[in-house]
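For the sequence shown, the working numbering begins at -9 and goes up steadily by one.
Remarks on the structure that follows.
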Amino acid sequence: MDQKAPLQQRLEKLETLLDMNRELARELDLDKLLALIAEAAVQVMDADRCSVYVVDSVKDELWTRVAQGIDEIRMPSNRGIVGLVVSSGEILNVADAYDRPEFDATWDQKHGYTTRSMLCCPLRGRLGQVIGAFAVLNKQSGLFDEEDEVLLQAMAAGVAVALENALLVDELRTTNHKLSEAYDQLLLTEKLSILGLLASTVAHDIQNPLAVIMGNAEVLGVKFPQTSEVTNATQIIVRQTERITELVDSIQNYARGDSDTFDEVDMHRVLGEALMLTERLLVKFNIRVNQQTQTNLSSVLGNANRLEQVFMNLIQNAAQAMQYQRDGALHLVAREIEKMGKSWVEVEVRDTGGGIAEDKVADIFKAFYTTKANEKGTGLGLAICQRIVTAHEGEIELQNRHGYGATFLVRIPVVSQDL
């Protein structure tokens, strides 16, 4: 086959460069754009492969944004021939890579490839700083020459513009995300301030009615035998009246971020109280309870009332998720586990409801967020649970299977033997 005339070859290369520049103006997806540029570079340079390296200044690394024929490469920014180009800021034309002491053959050996000739030039940002490198490997017809160097540098200018724009867009997205989080936090702070004021007002307004209810309940309890149903009912009234007061206090504490006093807590008692106080709701929805509690659970350091509040909330949520099922089941499992070199009491609260929609899982612990459409709810339940568990240096985790139910795992560290 006859060789094409040099002029015709130059015209074809020029046409390829023009096509590449059109893509630079049209294509917005950086990865697609760099892949097109790499293909153009291989064609124009008559090379076997092309790679685009990016400088990660935070980690002092080089990594491949485009790497034809191999997996992603990550390496120290001063390593190999590419590292030399980045550190020197100069183009490098290598006839045989294995003759260069800087060459690192690790990736050749890993991928069964043999690098021979190599042409690599730096990618510079608008201010002249090196932001990466552009390399082509193994010219098919001889060695890379001065004309190839000019072509590669011309292509590198377009690559650098696209790459720097993408890096700026990524930085802008990160900044916008941080600003959005800061704005959300400001809104939350404002809501908490209003909530604290509301809770203080409610606490003041209900103090007298609660005192009357509790006083009358105690009088009834004295007038009837201790074993009578009336006495049992009055004891429940007293406990629930106290719990209303604690609920208002907890909302105030959430708004202010107050802390509680901690003592050794028996998790058997905590779970027993939580089940007893949610029993009516479970019976109302005909929910079967399957409780499996390890008999020799260690004590945890915490506030019993706050922990009861956590499990009452989780059980109530589970019950509401199963209220329209005929055979709903609540599984409550408590066990002692080892994790991260520490001993924990882990409590599993699992329901057989519909689970939580995947698009809502990420927000489930946010204050004022609720999944209870068309129902009353403050959206504070799980947020308060998370804050209480965090105050106990514990963990709360959702394991969700949309359509099959939700599982909440609560882990609280056991009391240290050194205490």
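All C-beta atoms in this analysis are idealised placements derived from N, C-alpha and C, irrespective of residue type, glycine included.
C-alpha distance - residue i paired with residue j, whole-angstrom precision
| i | j | result |
| --- | --- | --- |
| V290 | I402 | 7 Å |
| A309 | N293 | 24 Å |
| D253 | H382 | 11 Å |
| S78 | L169 | 37 Å |
| A223 | D256 | 25 Å |
| N286 | H258 | 9 Å |
| T165 | G132 | 48 Å |
| Q33 | Q119 | 28 Å |
| A373 | A30 | 54 Å |
| R270 | K329 | 36 Å |
| G395 | T342 | 5 Å |
| Q99 | V140 | 31 Å |
| T419 | L24 | Residue numbering for the chain in the displayed model covers -9 to 409; residue 419 lies beyond these limits and cannot be assessed. |
| N364 | G384 | Bear in mind that a pLDDT of 47 at N364, under 50, signals an unreliable position, so the model cannot answer this. |
| N198 | V212 | 21 Å |
| T54 | M65 | 9 Å |
| H167 | D160 | 11 Å |
| V48 | L26 | 28 Å |
| R278 | S406 | 35 Å |
| A144 | A347 | 51 Å |
| E171 | I386 | 22 Å |
| K356 | D349 | 14 Å |
Residue i classed as buried or exposed, judged by whether at least 16 other C-beta atoms fall within 10 angstroms
| i | result |
| --- | --- |
| E336 | buried |
| K129 | buried |
| L162 | exposed |
| A87 | buried |
| E102 | For the record, residue 102 in the displayed sequence is Gly; it is not Glu. By the 10 Å Cβ count, G102 comes out exposed. |
| G331 | exposed |
| I305 | buried |
| R316 | exposed |
| M312 | buried |
| N276 | exposed |
| G205 | exposed |
| V84 | buried |
| N307 | buried |
| T105 | buried |
| L409 | Low confidence applies here, because L409 scores a pLDDT of 48, under 50, leaving its location unreliable; read the following figure in that light. Exposed is the call here. |
Chain-order list of residues whose beta-carbon lies under 7 Å from that of residue i (same chain, five-residue window excluded)
| i | result |
| --- | --- |
| S411 | In the structure as shown, the chain starts at -9 and stops at 409, and residue 411 therefore has no counterpart that could be examined. |
| Q230 | none |
| D94 | R69, G70 |
| A146 | C111, L113, F124 |
| L210 | V220, T224 |
| I63 | W53, T54, A57, W97 |
Short Cβ contact (8 Å threshold) for residue i with residue j
| i | j | result |
| --- | --- | --- |
| A324 | T268 | no |
| I71 | M108 | yes |
| L142 | M35 | yes |
| G393 | G345 | yes |
| G371 | N303 | yes |
| A201 | V228 | no |
| V379 | V300 | yes |
| L127 | D21 | no |
| I354 | L399 | no |
Any non-hydrogen atom of the ligand GDP closer than 7 Å to residue i Cβ
| i | result |
| --- | --- |
| A30 | Looking at this structure, you won't find the ligand GDP or any other ligand, since it has none at all. |
According to DSSP, residues forming a beta bridge with residue i
| i | result |
| --- | --- |
| E411 | One cannot answer for residue 411 here, as it falls past the ends of the chain, which runs -9 to 409. |
| L109 | N83, V126 |
| T420 | This structure cannot settle anything about residue 420, because the visible part of the chain is limited to -9 through 409. |
| A324 | T283, V337 |
| E411 | Since the first and last residues shown for the chain are -9 and 409, residue 411 lies out of range. |
| A397 | Contrary to the premise, residue 397 reads as Thr rather than Ala in this sequence. According to DSSP, T397 bridges with R340, Q389. |
| R278 | A319 |
| I402 | V335 |
| R114 | V120 |
| A37 | K129 |
| K329 | K332 |
Neighbourhood of residue i by C-beta distance below 8 Å, restricted to the same chain and skipping five residues each side
| i | result |
| --- | --- |
| I121 | V44, V45, L113, R114, G115, A150, L153, E154, L157 |
| A28 | C40, S41, V42, V56, Q58 |
| K366 | Its pLDDT being 49, under 50, K366 is placed unreliably by the model, and nothing is read from it. |
| I333 | For the sequence presented, residue 333 should be read as Ser rather than Ile. Same-chain partners within the cutoff: S288, E326, I327, P403, V404. |
| T251 | N293 |
| I234 | I196, L200 |
| N280 | A319, L320, H321, L322 |
| E232 | M204 |
Cutoff 6 Å; reference residue i; Cβ partners in own chain excluding five residues on either side
| i | result |
| --- | --- |
| D(-8) | In this prediction, D(-8) scores a pLDDT of 48, lower than 50, which makes its location untrustworthy; the coordinate-derived value is nonetheless stated afterwards. For D(-8), where only same-chain residues beyond five positions count, there are no Cβ hits under 6 Å. |
| R340 | H321, T397 |
| E298 | V260, E263, A264 |
| V351 | N390 |
| F214 | V220, T221 |
| E137 | none |
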